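Worksheet: the structure to be examined is printed underneath.
In the numbering used here, the protein residues as written are 3 to 161.
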């Protein structure tokens, strides 16, 4: 094997080594905001403030990916499904007897994140709602019947 010219042990920032039996030189990376690259189209380390994702450099990670701050890399994030319909408006496990209640909706985690330190978006949320029936059937009717019986029989009247 023959070598000609100067041996380059490393290339400056933004360049990668291009070596053949007849050549040993540094070539410029074609990736914007790249500090060091493996080839002209694949970045291995982005400039400060940029995240590495599939050989490219980004200000923020694409949808579905989460930023690993310590490595400045984008990794697969937590994937959640669609929200369910809002549940029944209730309070204290009752759907009547109050003016206001809460309704809840949920969604499932479809894919867990690549790292345990990456948080998933919320999978349940609640909001205030107006109850459909302020008075519960049966409870109010029973109280009304007792009141009617007591007043009609004159139990409370004195002899």
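Ideal placement from N, C-alpha and C gives every residue a C-beta, glycine not left out.
None of the values given here were measured: they were computed from a predicted structure.
Can you tell me which of the options puts its alpha carbon nearest to the alpha carbon of residue i?
| i | options | result |
| --- | --- | --- |
| residue 120 | 89, 80, 103 | 80 |
| residue 131 | 47, 51, 98 | 98 |
| residue 118 | 34, 77, 14, 33 | 77 |
| residue 106 | 129, 25, 96, 94 | 129 |
DSSP puts residue i in a beta bridge; with which residues?
| i | result |
| --- | --- |
| residue 77 | 68 |
| residue 132 | 102 |
| residue 94 | Per DSSP, none; premise fails for residue 94. |
| residue 27 | 20 |
| residue 54 | 59, 75 |
| residue 126 | 108 |
| residue 40 | Its beta-bridge partners do not exist; DSSP assigns none. |
Looking at residue j and residue i, is the spacing between their C-beta atoms short of 8 angstroms?
| i | j | result |
| --- | --- | --- |
| residue 58 | residue 45 | yes |
| residue 104 | residue 92 | yes |
| residue 63 | residue 48 | no |
| residue 18 | residue 41 | yes |
| residue 115 | residue 68 | yes |
How many Å lie between residue i and residue j at the Cα?
| i | j | result |
| --- | --- | --- |
| residue 108 | residue 90 | 13 angstroms |
| residue 43 | residue 16 | 11 angstroms |
| residue 20 | residue 27 | 5 angstroms |
| residue 125 | residue 83 | 9 angstroms |
| residue 70 | residue 31 | 24 angstroms |
| residue 50 | residue 72 | 12 angstroms |
| residue 88 | residue 123 | 18 angstroms |
| residue 29 | residue 39 | 10 angstroms |
| residue 112 | residue 127 | 17 angstroms |
So is the beta-carbon of residue i under 7 angstroms away from any non-hydrogen atom of the ligand SAM?
| i | result |
| --- | --- |
| residue 50 | Of the ligands one can find in the structure shown there are none, so the ligand SAM has no counterpart to examine. |
To the nearest whole angstrom, what separates the beta carbons of residue i and residue j, a pair I think is in contact under 8 angstroms?
| i | j | result |
| --- | --- | --- |
| residue 74 | residue 100 | Not confirmed; about 51 angstroms, so no contact. |
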